[in-house]
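Going by this note's numbering, the sequence shown wraps up at 123, each residue one higher than the last.
Backbone N, C-alpha and C fix where the C-beta goes; we use that ideal spot for every residue, glycine too.
Let me begin by presenting the structure, written as structure tokens, before commenting on it.
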Amino acid sequence: MKKKIVLINLFMSLTVLFAMLFQTIHSYEHVYRQLTEKQCHHNAVDGQKQITHSHSVDNNCHVCHFAFSTFIPNSFQTLSFHKVITETSYVFFYTKMASNFFKGSLFALRAPPSIL
């Protein structure tokens, strides 16, 4: 069991290391592409547009924009608890009522008490 956990930890750490190294190596690919690209010089004429060819610049590279982060989006509503204060009136007189009903235990009723 310990060997399995050690192998899983090693695999996960190599995966993170590969993700960081691949991004660095990929940036060298962009540098190589810029160095080997043929330079294009235009002779511009005032008042005349040239539509001979186009230059495409790859600014949206998903590999270069990849980053590790600890951000987790909050997709649930927050709950706010408010303390409810209720006013109570003071009772100065207590009365005891006499009852004619039996208030002892009756063993024939074996269920828990019900709350109404």
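Reduced DSSP secondary structure (H/G/I, E/B, other) of residue i
{"i": "M27", "result": "helix"}
{"i": "K10", "result": "helix"}
{"i": "T43", "result": "helix"}
{"i": "I92", "result": "coil"}
{"i": "S82", "result": "coil"}
{"i": "S35", "result": "Sequence inspection shows Tyr at residue 35; the Ser mentioned does not correspond to that position. Y35 falls in the helix class under three-state DSSP."}
{"i": "N50", "result": "coil"}
{"i": "N16", "result": "helix"}
{"i": "T77", "result": "coil"}
Cβ separation of residue i and residue j, assumed to be a contact under 8 Å, to the nearest whole Å
{"i": "Q30", "j": "V70", "result": "6 Å"}
Whether residue i touches residue j by CB criterion (9 Å)
{"i": "F88", "j": "A26", "result": "no"}
{"i": "V23", "j": "F75", "result": "yes"}
C-beta neighbour in chain B for residue i, strict 9 Å
{"i": "T22", "result": "As a matter of chain content, chain B is missing from the structure shown, which is built from one protein chain."}
Nonlocal neighbours in the same chain, by C-beta distance under 6 Å from residue i, ignoring five residues either side
{"i": "E94", "result": "none"}
7 Å Cβ shell around residue i - same chain, five flanking residues per side excluded
{"i": "C68", "result": "none"}
{"i": "P119", "result": "none"}
Own chain residues within Cβ distance below 8 Å of residue i, not counting five before or after
{"i": "K90", "result": "none"}
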